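All remarks here apply to the structure that follows.
In the numbering used here, the protein residues as written are 86 to 421.
Laid out in structure tokens, this is it:
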């Protein structure tokens, strides 16, 4: 099954979801690729992530793993044909990279069809994927990637200074919808550079959707280039390293973002100084685009991604003071 056929399968599932509005049962379609437990299936998860499901036995050992910031592996049990079936779930958490993931899935299915067991096929295909990522990560990061990580690390250090277990709340490296989350507090960090300091880029129509009884905050960090500035990614990593209780977990999260000590020089090639930071609470009338604003069901067949900008000058009424920000950070940290 080639990547185009796989993409077509996912698109059909998305069209079905759009027509019915139901994603709770993880709709799936059967492929012709067979493993010991049955046919491999293409699926769309409840979060509308592209998914491959391989039926596995009860005794098969599966270690949950985050392969990169966009691909994860886990064991799930789902209702199928009137009974509970255990699956190995391989999932892509960024629709923008669906073509890449389709090629990974195609490689997995090809290996299975060549006689490799399901678990081994997944392991081999993802090992190759890791090698490609490592080659990519040896390149110098673009400036906006560096700037984004500066903002997230500044926020991480704030949390770690309250609770040294704060690393658990950092979900940005796993390409989650929001950068930090614990309890009922969610934080999305947006970092602006120079002239762009009043505008933020929003990735996806659901990024600024909040759940009932949750507090969604936007932390807007503003920095500018400065050759002798006190901000750099390696310096912030060093600061976080002193505070965390699990250095291995920090390293793994940084590696998911492409950072490693081996390439610290390229990440630290530019330094910055902090202009300021402000916090906004996302309430009902906050300037944003969400699914409730659409006259059609989302996802819309044929539309794979949405991004837009928000001028925070239009959100002045939703800005909160530093005391409120510190209180919410403390609330988040105390949940860990």
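Heads up, the beta-carbon is just placed ideally off N, CA and C, and yes, glycines get one too.
Please read all numbers here as calculations on a predicted model, not as lab measurements.
Can you tell me where the alpha helix (DSSP H) holding residue i begins and where it ends?
i: residue 319; result: 318–328
i: residue 289; result: Counting along the chain, residue 289 falls outside any alpha helix (DSSP H), and DSSP gives it neither H nor E.
i: residue 333; result: 332–341
i: residue 183; result: 183–198
i: residue 417; result: 407–419
What does DSSP give as the partner residue(s) for residue i in the beta ladder?
i: residue 310; result: 357
i: residue 267; result: 270
i: residue 396; result: 284
i: residue 172; result: 140 and 161
i: residue 431; result: Outside the modelled stretch of the chain, which goes from 86 to 421, sits residue 431, for which no answer is possible.
i: residue 275; result: 305
i: residue 177; result: 135 and 156
In this structure, how does DSSP classify residue i when only helix, strand and coil are distinguished?
i: residue 258; result: helix
i: residue 283; result: coil
i: residue 402; result: helix
i: residue 350; result: helix
i: residue 114; result: strand
i: residue 375; result: coil
i: residue 119; result: strand
i: residue 89; result: helix
i: residue 212; result: helix
i: residue 103; result: helix
i: residue 251; result: helix
i: residue 391; result: coil
i: residue 380; result: coil
i: residue 166; result: coil
i: residue 96; result: helix
Measure the alpha-carbon distance for residue i versus residue j and round it to whole angstroms.
i: residue 169; j: residue 135; result: 21 Å
i: residue 207; j: residue 193; result: 6 Å
i: residue 118; j: residue 175; result: 15 Å
i: residue 198; j: residue 188; result: 15 Å
i: residue 348; j: residue 326; result: 17 Å
i: residue 379; j: residue 171; result: 36 Å
i: residue 328; j: residue 242; result: 8 Å
i: residue 271; j: residue 258; result: 15 Å
i: residue 278; j: residue 87; result: 41 Å
i: residue 61; j: residue 96; result: One cannot answer for residue 61 here, as it falls past the ends of the chain, which runs 86 to 421.
i: residue 382; j: residue 191; result: 30 Å
i: residue 177; j: residue 127; result: 12 Å
i: residue 341; j: residue 353; result: 18 Å
i: residue 132; j: residue 254; result: 19 Å
i: residue 401; j: residue 370; result: 12 Å
i: residue 324; j: residue 408; result: 23 Å
i: residue 239; j: residue 90; result: 43 Å
i: residue 372; j: residue 404; result: 12 Å
i: residue 244; j: residue 366; result: 18 Å
i: residue 392; j: residue 234; result: 19 Å
i: residue 361; j: residue 420; result: 27 Å
i: residue 287; j: residue 182; result: 17 Å
i: residue 161; j: residue 203; result: 15 Å
i: residue 322; j: residue 179; result: 25 Å
i: residue 210; j: residue 338; result: 21 Å
i: residue 283; j: residue 376; result: 24 Å
i: residue 335; j: residue 248; result: 15 Å
i: residue 395; j: residue 290; result: 12 Å
Along the beta strand (DSSP E) that carries residue i, what are the first and last residues, could you check?
i: residue 231; result: Careful: residue 231 lies outside any beta strand (DSSP E), inside the alpha helix (DSSP H) at 228–245.
i: residue 129; result: 123–129
Residue i and residue j look like a contact to me (Cβ under 8 Å); what is the Cβ gap, rounded to whole Å?
i: residue 358; j: residue 315; result: 6 Å
i: residue 264; j: residue 274; result: 5 Å
i: residue 374; j: residue 285; result: No, residue 374 and residue 285 are not in contact; Cβ-Cβ is about 13 Å, not under 8 Å.
i: residue 308; j: residue 364; result: The pair is not a contact, with the Cβ atoms about 16 Å apart (cut-off 8 Å).
i: residue 267; j: residue 414; result: The pair is not a contact, with the Cβ atoms about 10 Å apart (cut-off 8 Å).
i: residue 252; j: residue 331; result: 6 Å
i: residue 123; j: residue 140; result: 4 Å
i: residue 318; j: residue 344; result: 7 Å
i: residue 351; j: residue 226; result: 7 Å
i: residue 422; j: residue 312; result: The chain is shown from 86 up to 421; residue 422 falls before or after that span and cannot be answered.
i: residue 114; j: residue 94; result: 5 Å
i: residue 300; j: residue 276; result: With 8 Å as the limit, residue 300 and residue 276 do not qualify as a contact, their Cβ atoms being about 21 Å apart.
i: residue 99; j: residue 184; result: With a Cβ gap of about 15 Å, residue 99 and residue 184 do not count as contacting.
Is the CB of residue i under 8 Å away from at least one CB in chain B?
i: residue 248; result: In summary, chain B is missing from the structure at hand, where a single protein chain is found.
Under 7 Å from any heavy atom of the ligand FAD, does the C-beta of residue i make it?
i: residue 245; result: No copy of the ligand FAD occurs in the structure displayed, which carries no ligand at all.
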